[in-house]
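Numbering (our numbering), first residue to last: 1 to 263.
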């Protein structure tokens, strides 16, 4: 595998995503590599990526990456979550977690660090990881402001851009939590259980504004296109118990997320 060569061949392209090349009929080095890992035809991989039924999380800056895919036609994949807290923050510990996660079969790893030197920890993880690394950028954005209500689009885009430049392969973006959906959670037993969803719900209620991740979704797309970052559309209004399952809030958000997949 010579991923550096694959990336260099596309360095002058404005859009560098796998889905972009797949829809142009091109089988990239990443697609070929994934086809061999999955024991599937390269053309099938290209078709599935082009249709949006498969993704290859492969940021152009993550040079250590061994490309893999997630999709209907592929094998089932397992994700592992690691990350520090505001009270415990050691790079060596996070790298040890990463090593164990990969050793025991994790196909992807998410760095959910919330304290300490988050960028430094994340860079160390990316540099050491052969599997795709994901994040929830709103966690780091929140660490840069005093209060939830102080969050804004500029801080969020700054964090997303920095993480993309570091080599993050996929990011969870809670763009489907809209202000009009928040009241639908009032009768829930467990309320909003997603951390990202609850942060945005609090921000919208206190600022009386729409979710800026939804309103400026196209700007996030442009950053992702430049670095080949994959979207993980966060289900911020997912139910936390059976009593809340399949309620109006959950389905309202799912409908919005479905619309965003067409962007």
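Just so it is clear, CB atoms sit at the ideal spot from N, CA and C, and this is done for glycine as well.
For residue i, collect the residues of the same chain with a Cβ closer than 6 Å to its Cβ; drop the 5 residues on either side in sequence, then sort them by chain order.
i: residue 27; result: 42, 46
i: residue 73; result: 48
i: residue 192; result: 185, 198, 201
i: residue 10; result: 16
i: residue 248; result: 184
Take residue i as the anchor and find which of the options has the nearest alpha-carbon.
i: residue 92; options: 106, 125, 78; result: 125
i: residue 189; options: 100, 130, 240; result: 240
i: residue 213; options: 157, 65, 39; result: 157
i: residue 132; options: 256, 62, 33, 226; result: 62
i: residue 70; options: 100, 34, 81, 94; result: 34
i: residue 50; options: 23, 75, 10, 39; result: 23
i: residue 146; options: 203, 4, 95; result: 203
i: residue 77; options: 3, 163, 243, 104; result: 104
i: residue 4; options: 261, 163, 29; result: 29
i: residue 57; options: 96, 31, 39, 44; result: 31
Determine whether the beta carbon atoms of residue i and residue j lie at a separation below 8 Å.
i: residue 198; j: residue 234; result: no
i: residue 55; j: residue 230; result: yes
i: residue 127; j: residue 186; result: no
i: residue 1; j: residue 37; result: no
i: residue 210; j: residue 159; result: no
i: residue 170; j: residue 134; result: yes
i: residue 238; j: residue 250; result: yes
i: residue 218; j: residue 263; result: yes
i: residue 223; j: residue 173; result: no
i: residue 111; j: residue 82; result: yes
i: residue 155; j: residue 144; result: yes
i: residue 257; j: residue 216; result: no
i: residue 52; j: residue 261; result: yes
State the CB to CB distance for the pair residue i and residue j, rounded to an integer number of angstroms; the pair is presumed to be in contact (CB under 8 Å).
i: residue 114; j: residue 139; result: 5 Å
i: residue 149; j: residue 207; result: 6 Å
i: residue 84; j: residue 107; result: Going by Cβ atoms, the distance from residue 84 to residue 107 rounds to 22 Å, so no, they are not a contact pair.
i: residue 236; j: residue 177; result: 4 Å
i: residue 228; j: residue 12; result: Actually they are not in contact, since the Cβ atoms of residue 228 and residue 12 sit about 14 Å apart, beyond 8 Å.
i: residue 164; j: residue 151; result: Actually they do not touch by this definition, with Cβ atoms about 19 Å apart.
With a threshold of 7 Å on Cβ separation, who are the neighbours of residue i within its own chain once the five nearest residues in sequence on each side are excluded?
i: residue 123; result: 166
i: residue 253; result: 176, 177, 181, 235, 236, 237
i: residue 21; result: 28
Using a Cβ-Cβ cut-off of 8 Å (strictly less than) and excluding sequence neighbours within five positions of residue i, which residues of its own chain qualify?
i: residue 129; result: 62, 64, 65, 98, 102, 109
i: residue 161; result: 223
i: residue 232; result: 134, 170, 171, 172, 173
* Give, in chain order, every unbroken run of the beta strand (DSSP E) that is at least 3 residues long and sits entirely within the region 135-198. => Runs of the beta strand (DSSP E) lying entirely within the region 135-198 and spanning at least 3 residues, in chain order: 170-173.
**Item:** Complete beta strand (DSSP E) runs within the region 65-138 (minimum length 3 residues, chain order)
**Value:** If we require 3 residues or more, the beta strand (DSSP E) runs fully inside the region 65-138 come out as 79-82, 108-111, 133-135.
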